[in-house]
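Below is one structure, written out as structure tokens; the observations come after it.
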Ligand SMILES: [Zn+2]
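In the working numbering, the protein residues as written are 3 to 132.
Structure, rendered in structure tokens:
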């Protein structure tokens, strides 16, 4: 079935997009709400718009995504530290025969956390935003 918007003639669809710009679906999720985003090219600039109406330029998209990635990595680091604590608790009263593999797991987690912390600290994108 085709679209019927031109055949009914009762009302015009409330068109929020200027007719001079074409919106293209992107693979970007809105950094504010996670919604699907379209991009419009307007002259030399791009505007990303999600389906609830958040509007971001390219620089804002980069800045917001950078913040989002950093927050999620800090969240992963925090959860990893908590997991390490749980593994330490599991080590107490653990079967001595299997203690070696648990200790390896704890040490591997510690190494991962150090690497993750280093990644977070060098991953900031600075576009000299104002
Ligand atoms: Zn949004």
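Ideal Cβ positions, reconstructed from N, Cα and C, are used throughout, including at glycine.
| Short check: CB of residue 53 to CB of residue 36, under 7 angstroms? | Contact flag unset, no.
| query | Sorted by chain position, which residues of the same chain lie with C-beta nearer than 8 angstroms to residue 119's C-beta, five sequence neighbours on each side aside? | reply | These residues qualify, in order along the chain: 79.
| field | Pairwise C-alpha distance: residue 70 and residue 30 | value | Approximately 13 angstroms between the Cα atoms of the pair.
| query | With distances taken from each beta carbon to the nearest heavy atom of ligand 1, which residues come in below 6 angstroms, in chain order? | reply | Put simply, the residues with a CB less than 6 angstroms from any heavy atom of ligand 1 are 32, 34, 35, 37, 52, 54 and 56, in chain order.
| Secondary structure, beta strand (DSSP E): runs of 3+ residues fully inside the stretch 38-94 | Listed in chain order, the beta strand (DSSP E) runs fully inside the stretch 38-94 are 38-44, 47-52 and 57-59, counting runs of at least 3 residues.
| said: Can you tell me which residues form a DSSP beta bridge with residue 28? | reply: Under the DSSP definition of a beta bridge, residue 28 lacks any partner.
| field | Whole-Å CB distance - residue 142 paired with residue 72, under 8 angstroms assumed | value | Because residue 142 is not part of the residues shown, which for the chain are 3 to 132, the question remains open.
| field | Pair within 7 angstroms by beta-carbon distance, residue 25 and residue 40 | value | Taking 7 angstroms as the Cβ cut-off, residue 25 and residue 40 qualify as a contacting pair.
| query | In whole angstroms, what is the alpha-carbon distance linking residue 64 and residue 110? | reply | Rounded to the nearest whole angstrom, the CA to CA distance from residue 64 to residue 110 is 32 angstroms.
| task | Note down the Cα distance separating residue 101 from residue 77, rounded to an integer number of angstroms. | result | Here the alpha carbon of residue 101 sits roughly 28 angstroms from the alpha carbon of residue 77.
| message | Taking its Cβ as the centre, do 16 or more other Cβ atoms sit within 10 Å of residue 123, making it buried, or is it exposed? | response | So residue 123 counts as exposed.
| task | Would you mind sorting residue 121 into buried or exposed? The rule is 16 or more other CB atoms within 10 Å of its CB. | result | Residue 121 is exposed by the Cβ-count criterion.
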